[in-house]
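In what follows, a structure is listed as structure tokens, so that the remarks can point back to it.
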Amino acid sequence: MPGPRKGHKRKHEGSASSDSGRSSGSNNSSTGTTSPYFSRAKAKVSKASKKNDARLPASFFDKPCEDLAKSLLGQRLVHVLSSGERLSGTIVETEAYLGSKDSASHSYEGRRSDRVKAMYMTPGTCYVYLIYGMYDCLNISSKGDGQAVLIRALEPKEGIPTMRKFRDKRRKNPTKELKTKDLCNGPGKLTEALQITKAEINQISLATSPALWAERGEGQIKEGDIIACPRIGVDYATPEWVKKPLRFYVRGDVCISKKDKEAEKAAEKAAGNS
Numbered sequence: 001m002p003g004p005r006k007g008h009k010r011k012h013e014g015s016a017s018s019d020s021g022r023s024s025g026s027n028n029s030s031t032g033t034t035s036p037y038f039s040r041a042k043a044k045v046s047k048a049s050k051k052n053d054a055r056l057p058a059s060f061f062d063k064p065c066e067d068l069a070k071s072l073l074g075q076r077l078v079h080v081l082s083s084g085e086r087l088s089g090t091i092v093e094t095e096a097y098l099g100s101k102d103s104a105s106h107s108y109e110g111r112r113s114d115r116v117k118a119m120y121m122t123p124g125t126c127y128v129y130l131i132y133g134m135y136d137c138l139n140i141s142s143k144g145d146g147q148a149v150l151i152r153a154l155e156p157k158e159g160i161p162t163m164r165k166f167r168d169k170r171r172k173n174p175t176k177e178l179k180t181k182d183l184c185n186g187p188g189k190l191t192e193a194l195q196i197t198k199a200e201i202n203q204i205s206l207a208t209s210p211a212l213w214a215e216r217g218e219g220q221i222k223e224g225d226i227i228a229c230p231r232i233g234v235d236y237a238t239p240e241w242v243k244k245p246l247r248f249y250v251r252g253d254v255c256i257s258k259k260d261k262e263a264e265k266a267a268e269k270a271a272g273n274s
């Protein structure tokens, strides 16, 4: 994942021996205790999470990392605040991190630590880490040891005024209103807008959490509308992995973090030759 690291540690979680050996996510920590957040919010979010036919099941996340990164495009990420308000956005940009072989991954060479434990848990488990000591980044574990998908950008859908309020807290000039397209166009921006934090969300399962989950989007994104290009902020990795096209975004969506013009031209050329 993008961001500073100590020594030569990578961004995504480590690798494990097998998927069958993975543990399921917990509400907060490896101790299995329930966080104060879930205790406070339980009554208000329970109604929002019950009988939700649109919620993506655990089986949705149990697929190879690259496939999950593309499949998540067009799906809706939902966070219910302790007040009961829904904040949501359509996922429009992701990055795949492929475990022990991926020198840009936190789990490169099979590295394990408490920090990256979530990447070894059941597919659909949230791995949240901090960059620059202040910005949370949300990742979702996939099939494959130590592999996970970084959620890079959302198209805001519900709770936009509240998102804007949360984003304004760190802004130097909050008197100038943020455009909707700029609320969630980056991994740190979207977690700030939706109030997704490591303390509250790390190691929970999107399949079972009463506060954070993913829902089916309005329509499947066609393969031809997905741009594949190199990831952002992984210059510390080996040249081979710096160049791999493991960032995916929805072509033409204004809410992505950054366009890759070369990749878009290549995609247009390929479409013209098909």
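Take 1 as the starting number for the sequence shown in full-length UniProt numbering and just add one per residue.
C-beta atoms are modelled at their ideal positions from N, C-alpha and C, and glycine is treated no differently.
Rounded separation between residue i and residue j - CA only
i: N202; j: C126; result: 5 Å
i: T180; j: R167; result: 11 Å
i: I196; j: P64; result: 25 Å
i: S88; j: I140; result: 16 Å
i: A148; j: A96; result: 6 Å
i: A193; j: G133; result: 17 Å
i: R5; j: K165; result: The predicted model places R5 with a pLDDT of 42, which falls under 50 and marks its position as unreliable, so this point remains unresolved.
i: R216; j: L77; result: 9 Å
i: F38; j: E240; result: Caution applies to F38, whose pLDDT of 41 falls short of 50 and renders its modelled position unreliable; the model cannot decide the point.
i: S71; j: A214; result: 12 Å
i: K269; j: G224; result: 12 Å
i: M163; j: V242; result: 32 Å
i: G272; j: G124; result: 36 Å
i: I151; j: L138; result: 6 Å
i: P187; j: Y129; result: 11 Å
i: S205; j: P230; result: 28 Å
i: K172; j: L178; result: 12 Å
Segment limits, beta strand (DSSP E) that includes residue i
i: V92; result: 86-98
i: S141; result: 135-141
Cross-strand partners of residue i (DSSP beta bridge)
i: D114; result: According to DSSP, which records beta bridges pairwise, D114 is partnered with nothing at all.
i: S205; result: T125
i: Q147; result: L98
i: Y249; result: E93, I227
i: V234; result: DSSP output for V234 lists no bridge partner at all.
i: R76; result: T90, E215
i: I131; result: Y135
Element boundaries [alpha helix (DSSP H), containing residue i]
i: residue 279; result: The structure shown does not extend to residue 279, since the chain is modelled only from 1 to 274, so the question has no answer here.
i: L194; result: 187-194
i: C65; result: 65-71
i: K101; result: Per DSSP, K101 belongs to no alpha helix (DSSP H) and is neither H nor E.
Residue i - DSSP class collapsed to helix/strand/coil
i: A54; result: coil
i: P156; result: strand
i: Y108; result: helix
i: R5; result: With a pLDDT of only 42 at R5, under 50, the local geometry of the prediction cannot be trusted, and the value read off the model is given with reservation. Here R5 sits in coil by DSSP.
i: Y120; result: helix
i: E268; result: helix
i: E215; result: strand
i: V260; result: First, the amino acid is wrong: residue 260 is Asp here, not Val. Three-state result, D260: coil.
i: P161; result: helix
i: E177; result: coil
i: D62; result: coil
i: C255; result: coil
i: K222; result: coil
If you pair each beta-carbon of the segment 108-127 with each one of the segment 242-253, do three or more pairs fall below 8 Å? no
Is it a yes or a no for the segment 247-266 touching the segment 113-120, going by three-plus beta-carbon pairs under 8 Å? no
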